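Line order of the protein sequences matches chains P and B.
First residue of the first sequence: 1, per our numbering; consecutive thereafter.
First residue of the second sequence: 1, per our numbering; consecutive thereafter.
The structure appears below as structure tokens.
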Amino acid sequence: MGALGGEGGTFCMTAQTPIHDWHAGHGGKLVDFAGWRLPVSYGDGVIAEHLATRKHGGLFDISHMGRFSVRGPQAQAWLASMLTNDPGKLSPGRAQYTLISDQAGRPLDDAFLYQQKPEQYLLVVNASNHDKDLRWLQEHLGTGVELQDHSARLAMLAVQGPDSEKLLASLLAEPLPPAGRNHGGFNRMGAVEMYLSRTGYTGEPLSFELFLPWEEAEAVWDKLATSGAPLGVVPVGLGARDTLRLEAGLPLYGHEYTPERPIMAMPTAKMGVDLNPERGYFQGRAALETQAQALASGQYGEVPRRVFAVAGLAKGMMREGSEVMAGGKPLGELTSGTMIPAWQFAGDAPGQEHYNRPLGLALLDSGTQVGQEVEINYRKRALPGRVVKSFTRPKGRYLEPIQFDGGAK
Amino acid sequence: MSEAKKAPEGIYYTKEHEWVKLEGDLAVVGLTDFAQDQLGDITYVELPEVEAEVEQMGEMCVVESVKTAADVYAPLGGVVAEVNSALEDAPELINQDCYGAGWLVKLSGFDQAELDNLMDAAAYVQLMAQGE
Numbered sequence: 001m002g003a004l005g006g007e008g009g010t011f012c013m014t015a016q017t018p019i020h021d022w023h024a025g026h027g028g029k030l031v032d033f034a035g036w037r038l039p040v041s042y043g044d045g046v047i048a049e050h051l052a053t054r055k056h057g058g059l060f061d062i063s064h065m066g067r068f069s070v071r072g073p074q075a076q077a078w079l080a081s082m083l084t085n086d087p088g089k090l091s092p093g094r095a096q097y098t099l100i101s102d103q104a105g106r107p108l109d110d111a112f113l114y115q116q117k118p119e120q121y122l123l124v125v126n127a128s129n130h131d132k133d134l135r136w137l138q139e140h141l142g143t144g145v146e147l148q149d150h151s152a153r154l155a156m157l158a159v160q161g162p163d164s165e166k167l168l169a170s171l172l173a174e175p176l177p178p179a180g181r182n183h184g185g186f187n188r189m190g191a192v193e194m195y196l197s198r199t200g201y202t203g204e205p206l207s208f209e210l211f212l213p214w215e216e217a218e219a220v221w222d223k224l225a226t227s228g229a230p231l232g233v234v235p236v237g238l239g240a241r242d243t244l245r246l247e248a249g250l251p252l253y254g255h256e257y258t259p260e261r262p263i264m265a266m267p268t269a270k271m272g273v274d275l276n277p278e279r280g281y282f283q284g285r286a287a288l289e290t291q292a293q294a295l296a297s298g299q300y301g302e303v304p305r306r307v308f309a310v311a312g313l314a315k316g317m318m319r320e321g322s323e324v325m326a327g328g329k330p331l332g333e334l335t336s337g338t339m340i341p342a343w344q345f346a347g348d349a350p351g352q353e354h355y356n357r358p359l360g361l362a363l364l365d366s367g368t369q370v371g372q373e374v375e376i377n378y379r380k381r382a383l384p385g386r387v388v389k390s391f392t393r394p395k396g397r398y399l400e401p402i403q404f405d406g407g408a409k
Numbered sequence: 001m002s003e004a005k006k007a008p009e010g011i012y013y014t015k016e017h018e019w020v021k022l023e024g025d026l027a028v029v030g031l032t033d034f035a036q037d038q039l040g041d042i043t044y045v046e047l048p049e050v051e052a053e054v055e056q057m058g059e060m061c062v063v064e065s066v067k068t069a070a071d072v073y074a075p076l077g078g079v080v081a082e083v084n085s086a087l088e089d090a091p092e093l094i095n096q097d098c099y100g101a102g103w104l105v106k107l108s109g110f111d112q113a114e115l116d117n118l119m120d121a122a123a124y125v126q127l128m129a130q131g132e
């Protein structure tokens with residue numbers, strides 16, 4: 001047996017999250033990821049964790065991610081100059097998807113910005129980009145802004161899935177933030193103060209992220225795991241975190257976003273880039289406008305290829321780097337892809353049966369249309385596939401897999 | 001987990017974590033327990049065509065797991081006589097029973113002399129212990 005595609009880099013120094021010992025003591029298969037020691041899965045494996053999250057809920061230790069505190073009277077104005085989305089649209093208790101762009105409209109990172117108080121924000125970035133982002137932000141720091149790295153002070157947990165709301169409501173002292181994506185607020189579990197936000201990386205209609213003191217995180221995690229178990233809410237490792245985000249069509253830095261690729265090549269950038277003329281200057285604005293115009297004009301000059309969702313219509317190999325063909329001509333290549341488990345729905349909810357299907361994200365010629373039939377080459381074989389709008393749709397509190405004609409059952 | 005489950009006696013092993021068992025004129029091939037554990041949940045197996053010719057330690061098929069994709073090498077040169085088509089719908093059989101129901105391929109027309117290039121269970125377990 002020989003590995004064809006690895007697990008990312010290896011590092012000499014690996015850091016531990018506050019939940020590390022819990023993971024190790026509960027069957028977590030620990031691996032090195034972006035400089036951190038984290039579970040790829042627990043005893044029941046990636047598929048079981050993916051399916052449990054979609055049917056009941058999943059707990060994620062995401063304390064490895066970078067968390068920067070931004071405060072001060074000029075915090076909003078400075079963030080508005082550094083980020084592609086407009087923090088002026090936020091208010092305390094709201095969050096937004098955003099990107100950190102360089103002058104050329106290439107992503108340093110994609111990120112989430114949470115406004116906690118009038119002059120207090122948290123910017124959450126990818127673990128792999130933490131040092132680069134922090135350097136960039138410090139180099140461009142203005143007056144009236146205090147930027148602090150809280151990555152090792154604040155832990156971050158995610159509770160995602162149909163029963164996440166029920167679980168948190170049973171444990172928290174204050175009411176949950178109002179329903180609706182990206183809403184948040186301060187809360188308490190026992191004596192532990194925390195900030196809670198309706199955000200996440202799984203596509204689940206009900207999803208939460210918790211920010212809390214590092215030293216309290218293990219006890220809170222254990223409480224969530226213990227109280228979640230009777231509901232079917234389970235701890236989830238990095239493996240299912242990746243299959244869940246892929247099934248939800250969400251980008252991963254290093255795969256869909258890369259330092260060389262225009263930001264607007266990723267469709268989710270539309271949610272994280274605000275080019276409103278009243279906003280004024282921000283890092284990368286001119287380049288992003290050129291990219292947006294290229295896409296709008298249909299000439300695609302600056303953005304010759306962009307990312308699409310590709311569903312396999314039979315069982316077969318769907319791997320990053322594979323060539324995607326249409327009518328015998330190269331259309332692009334896969335940026336992410338694997339077999340993804342899905343529940344067979346019984347009425348409005350997941351039933352008892354599940355199946356696997358190959359799903360991927362692909363960088364394809366920008367003029368590609370949804371519905372285009374394609375072939376995905378892997379070695380000597382070609383898997384039939386189709387460019388689709390998305391792989392899932394919200395159904396009540398569940399995320400339902402969309403089945404495609406001719407698709408694998 | 002017992003040593004017997006990790007590497008049963010009476011069959012041959014490659015250093016790439018395939019096993020092969022002689023059954024009359026056929027050689028049954030599969031992945032070892034170490035291999036299936038490293039791969040994690042196996043989600044797809046791309047089996048070779050029946051009658052395909054393979055060389056010893058040449059590429060034979062591909063297994064995909066939620067973590068990675070991996071080539072499986074032929075422990076012996078020969079011709080693919082049979083493939084385990086049950087894996088098409090249930091690739092998890094490799095995780096559940098890698099030395100039994102999770103077999104991959106049966107080869108015919110192999111050269112017994114090539115067995116000399118393989119390891120017995122004791123040698124394979126020793127290799128594992130050395131951290132290969």
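The C-beta atom is built at its ideal place from N, Cα and C for all residues, glycine as well.
Computed from a predicted structure; not experimentally measured.
Interface flag, residue i vs chain P, CB-CB below 8 Å
i, result
"B/M1", "Annotation note: pLDDT 46 at B/M1 (below 50); position unreliable, coordinate value reported separately. By this cut-off, B/M1 is not an interface position."
"B/V66", "yes"
"B/D147", "Because chain B is modelled from 1 through 132, residue 147 of chain B falls outside the range shown and cannot be assessed."
"B/E88", "yes"
"B/V62", "yes"
"B/Y13", "no"
CB contact check: residue i to chain B, cutoff 8 Å
i, result
"P/S390", "no"
"P/G2", "yes"
"P/G8", "Model confidence at P/G8 stands at a pLDDT of 41, short of 50, so the residue's coordinates are unreliable; what they give is reported in the following sentence. False, the Cβ-Cβ gap to chain B never drops below 8 Å."
"P/I376", "no"
"P/V40", "yes"
"P/R241", "no"
"P/T258", "no"
"P/K37", "A quick correction: the sequence has Arg, not Lys, at residue 37 of chain P. Chain B, which has no Cβ nearer than 8 Å to the Cβ of P/R37, makes this no."
"P/R153", "no"
"P/P175", "no"
"P/K55", "no"
"P/F11", "Interpretation of P/F11 is limited by its pLDDT of 43, a score under 50 that renders its predicted location unreliable; the figure taken from the coordinates is listed afterwards. It does not: the Cβ of P/F11 has no partner Cβ on chain B nearer than 8 Å."
"P/V46", "yes"
"P/K132", "no"
"P/K315", "yes"
"P/R381", "yes"
Minimum C-alpha distance to residue i - residue among the options
i, options, result
"P/S297", "P/V233, P/G272, P/S366 and P/Y114", "P/S366"
"P/F282", "P/T53, P/F60, P/A248 and P/G88", "P/G88"
"P/A229", "P/L363, P/G35, P/S164 and P/A309", "P/S164"
"P/R305", "P/A292, P/Q344, P/A314 and P/G312", "P/A292"
"P/L399", "P/E247, P/G185, P/G360 and P/K166", "P/E247"
"P/G57", "P/A169, P/R379, P/E204 and P/P18", "P/E204"
"P/D32", "P/Q74, P/K315, P/H64 and P/W22", "P/H64"
"P/A34", "P/Q16, P/R379 and P/P213", "P/Q16"
"P/A77", "P/G45, P/F60, P/A52 and P/Y121", "P/Y121"
"P/K223", "P/L172, P/L90, P/L141 and P/Q344", "P/L172"
"P/A52", "P/Q352, P/T368 and P/R386", "P/Q352"
"P/G239", "P/G45, P/H26 and P/T14", "P/G45"
"P/S69", "P/Q148, P/G142, P/F211 and P/A127", "P/Q148"
"B/C98", "B/N117, B/T14, B/E18 and B/E9", "B/E18"
"B/A86", "B/E46, B/N117, B/D25 and B/E51", "B/E46"
"P/E278", "P/L313, P/A152 and P/D86", "P/D86"
"P/E373", "P/G385, P/P162, P/K380 and P/R381", "P/G385"
"B/L39", "B/V63, B/E49 and B/E23", "B/V63"
"P/G312", "P/V324, P/M194, P/R94 and P/E174", "P/V324"
"P/Y114", "P/P341, P/L30 and P/F211", "P/F211"
CB-CB length for residue i against residue j, believed under 8 Å
i, j, result
"P/T202", "P/N182", "Their Cβ separation, rounded to whole angstroms, is 14 Å, which puts P/T202 and P/N182 out of contact at 8 Å."
"P/I392", "P/I376", "It should be noted that the sequence gives Thr, not Ile, for residue 392 of chain P. P/T392 to P/I376, Cβ: 20 Å. No contact."
"P/G284", "P/G105", "5 Å"
"P/A265", "P/L363", "7 Å"
"B/E59", "B/Y73", "6 Å"
"P/F112", "P/V236", "In fact, because the Cβ distance is near 19 Å, the residues do not count as touching under 8 Å."
"P/Y257", "P/D102", "About 12 Å separates the two Cβ atoms, so there is no contact after all."
Counterpart residues of residue i in DSSP-defined beta bridges
i, result
"P/Q160", "P/G58 and P/S207"
"P/P350", "P/F345"
"P/F112", "P/Y97 and P/V124"
"P/A15", "P/W36"
"P/H183", "P/R94"
"B/E46", "B/V62"
"P/T392", "P/P401"
Discussion item. Beta carbons nearer than 7 Å to chain P: which residues of the region 15-48 of chain B have them?
Written reply: Residues E16, H17, E18, L31, A35, G40, D41, T43, Y44 and E46.
Worksheet entry | Positions along the region 336-365 of chain P whose CB lies within less than 7 Å of some CB in chain B | Result list: T338, M339 and N356.
Worksheet item: What residues in the region 254-279 of chain P have a beta carbon less than 8 Å from any beta carbon of chain B?
Response: Only those residues of the region 254-279 of chain P whose C-beta falls short of 8 Å from the nearest C-beta of chain B would be listed, and there are none.
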